[in-house]
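From first to last, the protein sequence lines are chains A and B. Taking the working numbering, the leading residue of the first sequence gets 1, the next gets one more, and so forth. Taking the working numbering, the leading residue of the second sequence gets 1001, the next gets one more, and so forth. Cβ coordinates follow ideal geometry from the N, Cα and C atoms, glycine included.
There are 2 protein chains.
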Amino acid sequence: MSNTELKGTVKDIFSAYLEQNGHRKTPERFAILAEIYDYEGHFDVESLYVKMKNHNYRVSRATLYNTIDLLIACNLVRKHQFGKNLAQFEKSHSSKQHDHVILTDSGEVIEFCDPRIQQIKATIEELFNVDINHHSLYFYGTKKATPKK
Amino acid sequence: MSNTELKGTVKDIFSAYLEQNGHRKTPERFAILAEIYDYEGHFDVESLYVKMKNHNYRVSRATLYNTIDLLIACNLVRKHQFGKNLAQFEKSHSSKQHDHVILTDSGEVIEFCDPRIQQIKATIEELFNVDINHHSLYFYGTKKATPKK
DNA sequence: TTCTTTGCAAATGCTTTGCACCCAG
DNA sequence: CTGGGTGCAAAGCATTTGCAAAGAA
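Listed below in structure tokens is the structure:
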């Protein structure tokens, strides 16, 4: 699957979401979607704002926040708060479900996958009679002084 | 173990931490520690501020933030960001390690424990050669419409 | 045309900072 | 004494809101 096809899919999902919820399909919304899916890792609103300015696209921060909320609502974007006051975001469609290790000294963020999370999720749903929509798991730590043997 | 003894222990831990790090043992710091350990669940800075005002203790918000940072540094307090911009805190000493389920419709927070987290933690430490200091796991969901059978 | 969405700027609200005074060591 | 700590108020900064103008349906 090429990147172009992927983007097409994502655009369709967003388009369908907007339609089903009586929101208008404005060029700003699709331009923002495209810029976000151009990111590889995490980004914050300010960085996205600058990125679009550099691409000569005129958007207001208000519209960015507004559109990101819509994208979160249709699961195309995920929001993170790595302990800071600055919200971080990342695309979530067709990127493998993953969680994060944050190195508190360097600020580095490592991604990982562990299937046991899904088992815990199933237990929680059963135990508390809830439907889990999504989760976030962060491990905070530091690099070991001793090298891996 | 009585609550009084527990508080004594906590006070000693904080006292030792302050001493070892060249911080002064001010009455404000211990008063704030006591108020925080009087909470059962989560709290935010504003609520703590009001609580201390009501107990006729005069503190500034600046001191609250400052002291909470110290308490986090010696693992007596944990910080949470339940997706909001408002930081939430809770005492962490001798309260069983637990994680949270957030019901996104009602805002209710449920606590749970699952030993599999520790297994995942061990895997992560080995895999990435890191020391994990702590973690946070949040499940976001809603109550099931159908009642438990 | 109608009414949502946008951009801009002002407002909000949590948190941090500057500074003079205070007090623990 | 001395330098870190405190209260207070002002400043910072991410995010939200108000409003007139734009444009999707």
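Between which residues of its own chain and residue i is the CB-CB distance below 7 angstroms, once the five residues before and five after are set aside?
i                       : result
residue 144 of chain A  : none
residue 1051 of chain B : 1035
residue 142 of chain A  : 103, 104 and 105
residue 1015 of chain B : 1025
Which residue's Cα is closest to the Cα of residue i: the options?
i                       : options                      : result
residue 75 of chain A   : A:90, A:81, A:83 and A:61    : A:90
residue 37 of chain A   : A:140, A:114, A:126 and A:93 : A:93
residue 30 of chain A   : A:10, A:42 and A:41          : A:10
residue 1078 of chain B : B:1063, B:1062 and B:1096    : B:1096
residue 1088 of chain B : B:1073, B:1016 and B:1068    : B:1068
residue 1061 of chain B : B:1054, B:1048 and B:1073    : B:1048
residue 20 of chain A   : A:46, A:73 and A:53          : A:73
residue 1128 of chain B : A:113, A:129 and A:127       : A:113
When the distance is taken between beta carbons, is residue j closer than 8 angstroms to residue i?
i                       : j                       : result
residue 134 of chain A  : residue 1140 of chain B : yes
residue 120 of chain A  : residue 1116 of chain B : yes
residue 109 of chain A  : residue 98 of chain A   : no
residue 1025 of chain B : residue 1018 of chain B : yes
residue 71 of chain A   : residue 44 of chain A   : no
residue 81 of chain A   : residue 1041 of chain B : no
residue 28 of chain A   : residue 63 of chain A   : yes
Quick one: grab the DSSP three-state call for residue i.
i                       : result
residue 1012 of chain B : helix
residue 1097 of chain B : coil
residue 123 of chain A  : helix
residue 39 of chain A   : coil
residue 28 of chain A   : helix
residue 136 of chain A  : strand
residue 1156 of chain B : Past the edges of chain B, shown from 1001 to 1149, lies residue 1156 of chain B, and the structure says nothing about it.
Who are the near neighbours of residue i in its chain, counting only those whose CB is closer than 8 angstroms to its CB and skipping five residues on each side?
i                       : result
residue 125 of chain A  : 131 and 132
residue 137 of chain A  : 99, 100 and 117
residue 57 of chain A   : 31 and 35
residue 1013 of chain B : 1074, 1076 and 1093
residue 1055 of chain B : 1035
residue 107 of chain A  : none
Closer than 6 angstroms by C-beta to residue i: which residues in its own chain qualify, once you throw out the five before and the five after it? Chain order, please.
i                       : result
residue 123 of chain A  : none
residue 1023 of chain B : none
residue 46 of chain A   : none
Which full runs of the beta strand (DSSP E) of 3+ residues lie inside the stretch 52 to 86 of chain A, going along the chain?
-> Counting whole runs of 3 or more residues, the stretch 52 to 86 of chain A contains the beta strand (DSSP E) stretches 77 to 80.
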